[in-house]
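Peer 1:
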Amino acid sequence: MRHQGPLILGAGPAGCACAIVLARAGARPLLLDRHADAGDALCGGFLSWRSARQLQALDLSPEALGAHRVTRLRLFAGRRRADAPLPAPAWGLSRYALDNALRQRALAAGADLAVEHVREVERLMARGRRDWQGSALLLATGKHDVRGLPRPRTASDPALGLRLRLSPSATLSRELTGMIELHLFKGGYAGIVLQEDGTANICLAVRKSLLAGAGGSPARLLEQLARQHRNFGDRLEAGWQAAPLDSVGSVPYRFIARETVPGLFRLGDQAAVIPSLAGEGMGIALASGQLAAQHLLGGGAAAAPAYQTALARAACPPLAVAAAARALAENPLVQPLALAAVHIVPGLAELLMARTRIALPHLSCA
Ligand SMILES: Cc1cc2nc3c(=O)[nH]c(=O)nc-3n(C[C@H](O)[C@H](O)[C@H](O)COP(=O)(O)OP(=O)(O)OC[C@H]3O[C@@H](n4cnc5c(N)ncnc54)[C@H](O)[C@@H]3O)c2cc1C
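Quick note on numbering: UniProt numbering labels position 129 of the sequence shown as 129, and the sequence is numbered without any gaps.
(1) State the start and end residues of the unbroken alpha helix (DSSP H) segment that holds I344.
(2) Give me the Cα-Cα distance between A366 and H343, rounded to the nearest whole angstrom.
(3) Under three-state DSSP, which class holds L42?
(4) Should T154 be labelled buried (16 or more other beta-carbon atoms within 10 Å of its own) or exposed?
(5) Using the rule of at least 16 other Cβ atoms within 10 Å of the residue's Cβ for burial, across every protein chain shown, is S173 buried or exposed?
(6) For T199, which residues from the same chain have a beta carbon less than 8 Å from its beta carbon, with the 5 sequence-adjacent residues on both sides left out?
(7) With a threshold of 8 Å, are at least 3 pairs of Cβ atoms found where one atom belongs to the segment 37 to 51 and the other to the segment 289 to 308?
(8) Between the Cα of G249 and those of L337, P158, A338, K186, spot the shortest distance and give me the residue it belongs to.
(9) Tell whether a beta-carbon distance below 7 Å holds between P318 and T260.
(10) Run the CB neighbour count on Q56, radius 10 Å, all protein chains shown included, and call it buried at 16 or more, exposed below.
(11) State the CB to CB distance for the pair A106 and A23, rounded to an integer number of angstroms; the pair is presumed to be in contact (CB under 8 Å).
(12) Who are the Cβ neighbours of A67 in its own chain at under 7 Å, not counting the five residues just before and after it?
(13) Given a cut-off of 7 Å, decide if L311 and Q54 are closer than it, judged by their beta-carbon atoms.
(14) Which class does C365 belong to by DSSP, given the choice of helix, strand or coil?
(15) Just to confirm before moving on: does the CB-CB distance between Y96 and D40 stay below 7 Å?
(16) Helix, strand or coil for H183, going by three-state DSSP, please let me know.
(17) Should A238 be labelled buried (16 or more other beta-carbon atoms within 10 Å of its own) or exposed?
(18) Below 7 Å CB to CB, which residues in the same chain sit around A64 once its five sequence neighbours on both sides are set aside?
(19) So, residue 436 versus A272, is the Cβ gap smaller than 7 Å?
(20) Look up Y189 in the DSSP assignment and say whether it is helix, strand or coil.
(21) Which same chain residues end up closer than 7 Å to Q4 when comparing Cβ atoms and leaving out the 5 residues on each side of it in sequence?
(22) Consider the C-beta atom of M353 and the heavy atoms of ligand 1; say whether any pair is separated by less than 6 Å.
(23) Thinking just about the alpha-carbon of each residue, which of A140, L360, M179, L30 is nearest to the one in N201?
(24) Express the C-alpha separation of V206 and V115 in angstroms, rounding to a whole number.
(25) Given the structure, does M282 come close to ligand 1, in the sense that its CB is under 6 Å from one of the ligand's heavy atoms?
Here's what the structure looks like:
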């Protein structure tokens, strides 16, 4: 199939942000996604203040989507706990709500969507059930690599994602209103935040070895963690075992695409993967989508390498800070000191949180 305009592979936050900007400029983008409808991607569901600004640039507001307003961070490590204000209000929003809103906005702006599971990219041709070619290729398949454009996976003990959603309850609402909680474990963490419908999204990023230690069973791992960490166990209310448990394997944290060829733009998780503890993956996805569109509109397909370099430069500092924070947060010897520091030094947590955001001077919203 030959499409006159740009082809965007993947209609998640990165692909849709890009499609909105391109469609508004009359560039007639075509989104290819393996699913006809937006699903509920595995994610912490924490939308940072910076991500919210990226959304506003696309005329979407978390508030209008009913998102839960979050103003404080609460950290748990063992029996210790520390609280800190966020640098600015953030939001708890399900991916179902966010991805649907972005898709609708892209289609309303004039983008088209076709259902296609892209299996391979070869010489700027996307191959699935059919072969697709466009004026440029924008790779936004997120967590999933396509043949021909793999992201290297070098970590000996990589991170895995697990997620479950708990029904609304008076206790969860009392404990979590206005809060993002991070429960730190040896080798990982769990983030908990309320979403627009009052459910609590519990998302863990843990080392593969932790899961192996639980016999490869995510449910057994949760039971173990709940037993070992009382504060985390308190959040897992009776009956949690009935909630569906989603998982994603081998997340290549710290991957950055530093170069590309003319005609191929890499967006979102296919461009840079920030440790999820930072809660900025969606911000990078939304920013990269808009930046790629601006480069494509300004310089055509030939602008891909310049875009990729600009994005890599902007993503590098927050990724480095997030990786350092992750290393500290996963180490049980350091966790008590880190929590004490957050307690004693006012502004320390805010500074760290601010340093893990992506800033792009080219974007009016950055
Ligand atoms: C455990 C964990 C917790 C996280 N928590 C947070 C958080 O709280 N806050 C935050 O900001 N970020 C978080 N992130 C990061 C965030 O989820 C990602 O950075 C973000 O989803 C990237 O957006 P994307 O558009 O690049 O990809 P995705 O959101 O993965 O979207 C990709 C799209 O491409 C489609 N697709 C995939 N493969 C193909 C194919 N072969 N053919 C066609 N279509 C395809 C999919 O259906 C999907 O629509 C977390 C990540 C993990 C692993």
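We put the beta carbon where it would ideally sit given N, CA and C, even for glycine. None of these values were measured; they are calculated from a predicted model.
Peer 2: For this structure:
(1) Indexing the sequence shown from 1 puts residue 344 at position 344. Going by DSSP, I344 is part of the alpha helix (DSSP H) stretching over 335 to 344.
(2) Translated into positions along the sequence shown, residue 366 becomes position 366. Translated into positions along the sequence shown, residue 343 becomes position 343. Bear in mind that a pLDDT of 45 at A366, under 50, signals an unreliable position, so the number given afterwards is only what the model happens to contain. If you take the alpha carbons of A366 and H343, they lie about 30 Å apart.
(3) Reading the sequence shown from its first residue, position 42 is the one you call residue 42. Looking at L42 - three-state DSSP - the assignment turns out to be coil, as it is neither helix nor strand.
(4) Within the sequence shown, numbered from 1, the residue matching residue 154 stands at position 154. Exposed: under 16 other Cβ atoms inside 10 Å.
(5) Within the sequence shown, residue 173 is the residue found at index 173, counting from 1. The residue in question, S173, is exposed, as its Cβ has fewer than 16 Cβ neighbours within 10 Å.
(6) Position 199 of the sequence shown, counted from the first residue, corresponds to residue 199. Counting only Cβ-Cβ distances below 8 Å, and skipping sequence neighbours, we find S94, R165, L166, S167, P168.
(7) Verdict: no, contact absent.
(8) Here the question's residue 249 lines up with position 249 in the sequence shown. That would be P158, whose Cα lies nearest to the Cα of G249.
(9) Residue numbering aside, residue 318 sits at position 318 when the sequence shown is read from its first letter. Residue numbering aside, residue 260 sits at position 260 when the sequence shown is read from its first letter. No; because the gap between Cβ atoms is not below 7 Å, this pair is not in contact.
(10) If you number the sequence shown from 1, residue 56 lands on position 56. By the 10 Å Cβ count, Q56 comes out exposed.
(11) Here residue 106 corresponds to residue number 106 of the sequence shown, with the count starting at 1. Here residue 23 corresponds to residue number 23 of the sequence shown, with the count starting at 1. So it is a contact: roughly 6 Å between Cβ atoms.
(12) Here residue 67 corresponds to residue number 67 of the sequence shown, with the count starting at 1. L47, W91, G92, L93, E196, listed in sequence order.
(13) What you label residue 54 is simply residue 54 of the sequence shown in a count that begins at 1. What you label residue 311 is simply residue 311 of the sequence shown in a count that begins at 1. No, the pair does not count as a contact, with Cβ atoms beyond the cut-off.
(14) Here residue 365 is taken as the residue at index 365 of the sequence shown, counted from 1. The pLDDT assigned to C365 is 45, lower than 50, so where the model puts this residue is not dependable, and the model offers no usable value.
(15) Here the question's residue 96 lines up with position 96 in the sequence shown. Here the question's residue 40 lines up with position 40 in the sequence shown. In contact: Y96 and D40 (Cβ atoms closer than 7 Å).
(16) Along the sequence shown, read from residue 1 onward, the residue named residue 183 stands at position 183. Three-state DSSP puts H183 in a strand.
(17) Locating residue 238 in the sequence shown gives position 238, where the first residue counts as 1. Exposed.
(18) On the sequence shown, position 64 is the one that residue 64 refers to. Same-chain partners within the cutoff: there are none.
(19) No answer is possible for residue 436: the residues shown for the chain start at 1 and end at 366.
(20) By one-based count along the sequence shown, residue 189 stands at place 189. Correct three-state label for Y189: strand.
(21) What you label residue 4 is simply residue 4 of the sequence shown in a count that begins at 1. Only R28, S135 meet the Cβ criterion.
(22) Within the sequence shown, numbered from 1, the residue matching residue 353 stands at position 353. Not under cutoff, so the answer is no.
(23) As a position in the sequence shown, residue 201 is number 201, starting the count at 1. Nearest C-alpha to N201: M179.
(24) Here residue 115 refers to the residue found at position 115 of the sequence shown. Here residue 206 refers to the residue found at position 206 of the sequence shown. Near 32 Å, if we compare the C-alpha coordinates of V206 and V115.
(25) Reading the sequence shown from its first residue, position 282 is the one you call residue 282. Yes, since a heavy atom of ligand 1 falls inside the 6 Å radius drawn around the Cβ of M282.
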